[in-house]
Each structure stands twice: as C-alpha cells, then as structure tokens.
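Be aware that the sequence shown starts at 9, since it is given in my numbering, and climbs by one per residue.
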Amino acid sequence: MKLTLQNYLFLSHYVPLPLSALKIIEKTPSHPFYEIERLKIEEIENELRKLSNLKGVSIRDIPKKAKKSLDLLKNSILDKIFKNLEEWKGLGMTILPYFNENFPKNLKMINNPPKVLFMRGNFNLITKRAISIVGTRKPTEYGKEMAFKIGYRFAELEFLVINGFAKGVDIEAIKGGLKAGGQIIGVLGSGLLNPYPKENLIIFNEVLKNNMGLFISEQLPTKNITKSTLVTRNRISSALSFGNVFIEGKKNSGTQWQLKYGREQGKPAIVLKPKEIVEETELPRNILKFEKNTYIIEKIDDIDQIVKTLSSLTKNPHKTISDYL
C-alpha cells in the first residue's frame, strides 16, 4: 500500500512533515498515516513521536501538529485536496511528488529537495539543457541590455533560459531567450495559480498559451509569495541549470542565494564583467574577486567559448561541476 497523492500533500504541505519523515512513511508497508483519517489525536501524536525518534528525522511542535491534523481532517481536508487536484489537473498542471519515478534526479541530489513539484507548461523541458541567468530587479541600462542579449545568445546555442521569473534581470533574460525562438523555465516562489510578480503575468500567460516553456513551483498553487520562498526557489533553478550567470546585484541582494546554492551544487559561476562601479554591480565584483573558477562575459562572443570549455569539463568525471548535459 502506498500513499495516495492527496494524503501525501496533506502530510507534506498541511501538517507539514519534513521529507525525512515522508521517506520513512513511504518505505513502511501499511504505515498508519496511509489512513490517517482513521486515527485519533493521541494515535497521530504517537506516530509523530515515533518518526521524530528515528535517526535523521526531526519534527517540531508535535502536539500542535497532531491537533492541527485532526482539526483539518474533521473539516474534510482530504476531500478538499482531492477536489483541488482534479481542478489543477484540469488546468493542465502536472503534480510530481518526490517519490515519483519522473522526479528529476538532479533535484533529488541537492540539500533539502522539494517535496513536490507543481508544473504548468511543457513538462519535457525539465530534462533539457538550461542556463540560469539571474540578477537584480533594478539593473542598470547596461545590465538590462546585456541580460537580454545573453539570454538571446544562450537560446541560439539551444539552452533553455531558467530563473525566478522576477522583474529586472530575470525577465529581460527570459525575453531574450524567447525572442531568439528558445524556450524558458520559470521557477516561482508563489503558487502557479497566483504567479508573482503581476507585472510579468502577460508573459506568463503567453508562454503557456504558445507552449514556449515551463513554470515550476514547490508551493501549493494558490499560495502567496514569502521572503523565504523567494530564497529557496534559487536552489531549484540552480540545480536544473548548466551553470549560473550573474548579471548585476547589490552585495546583499537575493541573488547571493543563487551563488550560495550554486556553490553547494558544484555549478560554475559565470559573471558579466561590470561596466561601472556602482551599488548594482557589488555582487558580480565580489564574485570575480573571491570566487574560484569563475568565467567572465565581457562580450557576447565569450559565451561560445565558455560553453565549449564547460561542455568539455563535464565529460571529465573528476570535475565537480554538474554533468547535467
């Protein structure tokens, strides 16, 4: 017996349980949580404590979680989740739990993998070669221009452009990729039925309508954006990429998280060489100063050589950068 999708979503997003606990439940035949709606509050609490006592599993606020679970179950939450799933699937959404055989392997390998992927668009793109192009929401005119051109050139070289679909650098790179006839992947920090930011809604709908890309979120489809989800989505866009291209960003901008996750994942950092010393170029200047094995884009033609170099390195199993190709 396995968890149904509605039970899995209940445990992963409503209770919620960490992936470490979900792995134990999934591997345990006829675990009591397979039919959690039949349990009493003390039984739910007891099962949560059993899980939390296992090595590598940590569950906080167990009494609170048990009460919340029972309250939700009394309000027919599983029926509501089932109806939502039917509605979401009717909108063309693909819902992929961690244990599904089609869940991307390169996302399973990262720290803190997503428990579920919600996707709208061309699902097959998730296995294609992609480049993450990221940066500030308020780029200089040069940064804005180069984000578009870099996205355009990578699309010409048959890369998907992937990023957080934010305004500024992200959307300019997306526009460049689309203009070149390429396809894109947007990793949202909000739910797919509540895309953020609203300024990009026209492009969001155009991409879906014309089958020009894929949108991914680990959040329930109606969820709003939060500061934490803006950060954590970066680990997904980095993991699905060939490398991370940094255009512009302040020293402490959100773009620094893409750098952090990329470093953890062994992804090469590719930096647009700053044209001027201003606040918006602090992050790329620091990357060039402190990061090892950084690749520099001074002119668009540099992209071709960078791709050639990195493609050859991925064939060497002793190198640390991703062999996503």
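Just so you know, even glycine gets a beta-carbon here, dropped at the ideal spot from N, CA and C.
What's the gap between the Cα of residue i and the Cα of residue j?
i	j	result
GLU153	GLU180	8 Å
ASP331	ARG57	Any answer about ASP331 is weak, because its pLDDT of 37 lies below 50 and its placement is not dependable; what the coordinates show is given next. Looking at the two C-alpha atoms, the distance is approximately 40 Å.
LYS175	LEU186	16 Å
SER28	GLU55	14 Å
ASN114	ASN108	14 Å
LEU25	LYS31	10 Å
GLY221	GLY184	13 Å
LEU17	LYS297	44 Å
ILE192	VAL23	33 Å
THR12	PRO40	13 Å
GLY274	GLY159	22 Å
LYS75	ASP87	19 Å
ASN324	TYR269	Reliability of the predicted coordinates at ASN324 is poor, the pLDDT of 46 falling under 50, and no value is obtained from them.
THR317	ASN120	30 Å
ILE211	GLY64	42 Å
GLN313	ASN301	15 Å
ARG271	THR240	14 Å
HIS326	GLU284	Unreliable positioning characterises HIS326 in this predicted model, as indicated by a pLDDT of 36, which lies under 50. A coordinate reading is not provided.
ILE89	THR102	15 Å
GLY190	THR36	44 Å
LYS217	GLU299	40 Å
SER38	LYS72	25 Å
TYR106	LYS10	13 Å
ASN219	ASN202	19 Å
GLU207	ASN110	32 Å
TYR42	LYS116	23 Å
LEU62	ASN213	45 Å
GLU51	ILE182	50 Å
Compute the beta-carbon to beta-carbon distance between residue i and residue j, rounded to the nearest angstrom, for a pair I have assumed lies under 8 Å.
i	j	result
SER60	ILE67	4 Å
VAL124	LEU93	In fact, because the Cβ distance is near 11 Å, the residues do not count as touching under 8 Å.
ILE305	VAL279	7 Å
GLY194	PHE223	5 Å
PHE173	LEU209	Rounded, the Cβ-Cβ distance is 10 Å, inconsistent with contact.
GLU53	ILE33	Not quite, the Cβ-Cβ distance comes to about 16 Å (not below 8 Å), so this is no contact.
LEU267	ILE295	7 Å
Verify whether the separation of the beta carbon atoms of residue i and residue j is less than 8 Å.
i	j	result
GLY257	PRO292	yes
LEU200	SER225	yes
ASN252	SER320	no
ILE44	SER77	yes
THR148	VAL177	no
PRO276	TYR303	yes
SER198	ASN232	yes
LYS136	LEU168	yes
ILE118	ALA247	yes
LEU81	VAL315	no
VAL215	GLY129	yes
PRO229	TRP96	yes
ILE3	SER84	The structure shown does not extend to residue 3, since the chain spans only 9 to 333, so no value can be given for it.
Check each candidate in the options and name the one with the smallest Cα separation from residue i.
i	options	result
ALA138	TRP96, LYS91, THR317, PHE250	PHE250
LEU47	ASP178, ASP79, ILE32	ASP79
GLY2	MET127, LYS157, LEU81	Only positions 9 to 333 of the chain appear in the structure, and residue 2 is not among them; the question remains open.
ALA188	LEU216, ASN202, PRO203, PHE156	PHE156
VAL286	LYS259, LYS206, ASN83, ASN218	LYS259
TYR150	LYS217, ILE255, PHE131	ILE255
LYS289	GLU272, ASN301, VAL142, ARG271	Reading the sequence as shown, one finds Thr at residue 289 and not Lys. THR289 has its Cα closest to that of VAL142, out of GLU272, ASN301, VAL142, ARG271.
GLN14	LYS72, LEU62, SER38, LYS91	LYS91
PHE131	PRO112, THR234, PRO203	PRO112
LEU238	ASN219, ASN110, TRP265, LYS116	TRP265
GLN227	PRO122, ASN110, ASN219, ILE182	PRO122
Based on the DSSP output, what are the partners of residue i in its beta bridges?
i	result
ASN252	SER140, ALA277
ARG128	MET101, PHE223
TYR303	ILE278
GLY194	ASN171, PHE223
Under a CB-based cut-off of 8 Å, is residue i close to chain D?
i	result
PRO37	Among the protein chains of the structure shown there is no chain D, as only one such chain exists.
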